[in-house]
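First the structure, in the form of structure tokens, and then the observations on it.
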Amino acid sequence: MAIVKKYKSKIVQINNPIPDIYTITFSSEKKFMYNPGQFLHLALDEYDGTGQWPESRCFSMQSSPDEEFIKITFAAKGNYTIRMSKELHEGKEIWLKLPYGDIFDRGHSKENCVFIAGGTGVTPFLSLFTHESFNEYVNPRIYIGFRSKEYNIYSAELNNSCNSSKFVKFVYQDKEGIINIENIYNENPGSVYFISGPPIMIKNFKNYLLNKSVPENKILTDDWE
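Residues -6 to 218 in the numbering used here are what the sequence shown lists, from first letter to last.
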């Protein structure tokens, strides 16, 4: 199990590509240590590095562990994330604590895996797709849903990391409706399913697969929220 460490970090870049969606890039004097698919705790309040850890929120790391910086994306829709959107700025120092989670470290077959994500839920998958360990996956299938095409701010990363032999399907709600788990199951029976996105999506998709007698150890979810 990875050792959780605290990192005094500096914000090196903030992107706000569409209203209320922010991508933050962090640096640290210490090398960030984590595995694909893991997440961090971000604290906004002042901290001395040794006392009681302040209030924080969890965010998936979308960058590859091989990269120098850590990148996260969040939607400003709750009190804490709205506060983040107002208080964070380039050059600001904050504390991060990581890593947490083991979604890709649980024992699973790496053949014919299906990755299903909704919105910013794609971020933990990106940390795998851009890492060399993704080359171990044989015939992966990737389904990603967004409200509309403008919310797909990850297309460049996905196109660079998922070559043409790796199936990627974008589903835009304003054109096609929401991701259809029944269709995905029918297209990929007997697979290992990774699911990440809004809690209600994760719950409904997992229940559907369980009702189809998919073993629970073949349904791996990113539901730390």
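Note that CB positions come from ideal geometry on N, CA and C, so glycine has one too.
Which two residues bound the contiguous alpha helix (DSSP H) that contains residue 151?
-> 148 to 154
Start and end residues, beta strand (DSSP E) containing residue 14 = 14 to 21
Measure from the alpha carbon of residue 150 to the alpha carbon of each residue in 131, 9, 115, then state which is nearest.
-> 115
Count the other CB atoms, across all protein chains shown, that sit within 10 Å of the CB of residue 133; report buried if there are 16 or more and exposed otherwise.
-> Classification of residue 133: buried, given that the 10 Å Cβ count is 16 or more.
For residue 203, collect the residues of the same chain with a Cβ closer than 6 angstroms to its Cβ; drop the 5 residues on either side in sequence, then sort them by chain order.
-> Leaving aside the five residues that flank residue 203 on each side, none in its chain has a CB nearer than 6 angstroms to its CB.
Could you check what DSSP says for residue 48 in three-state terms: helix, strand or coil?
-> coil
C-alpha gap between residue 16 and residue 166, whole angstroms = 22 angstroms
Nonlocal neighbours in the same chain, by C-beta distance under 6 angstroms from residue 108, ignoring five residues either side = Cβ neighbours of residue 108 beyond the five flanking positions: 118, 135, 187.
Report yes or no: do three or more beta-carbon pairs, one from the region 193 to 208 and one from the region 79 to 92, lie closer than 8 angstroms?
-> no
Grouping DSSP H, G and I as helix and E and B as strand, with all else coil, what is residue 86?
-> Correct three-state label for residue 86: strand.
Look up residue 142 in the DSSP assignment and say whether it is helix, strand or coil.
-> helix
For residue 157, three-class secondary structure by DSSP | Unreliable placement is indicated for residue 157, whose pLDDT of 47 sits below 50; the coordinate value is still reported in the next sentence. In this structure, residue 157 counts as coil in the three-state DSSP scheme.
Please classify residue 43: is it buried, with 16 or more other beta-carbons within 10 angstroms of its beta-carbon, or exposed?
-> exposed
DSSP-derived helix/strand/coil call for residue 33 = strand
Looking only at its own chain, which residues have a Cβ that is under 6 angstroms from the Cβ of residue 185, when we skip the five neighbours before and after it?
-> 101, 102, 106, 211
Contact under 8 angstroms by Cβ, residue 28 with residue 98 = With a cutoff of 8 angstroms on beta-carbon distance, residue 28 and residue 98 are scored as near each other.
Quick one: Cα of residue 48 to Cα of residue 38, how far?
-> The C-alpha of residue 48 lies about 7 angstroms from the C-alpha of residue 38.
Does DSSP put residue 214 in a helix, a strand or coil?
-> strand
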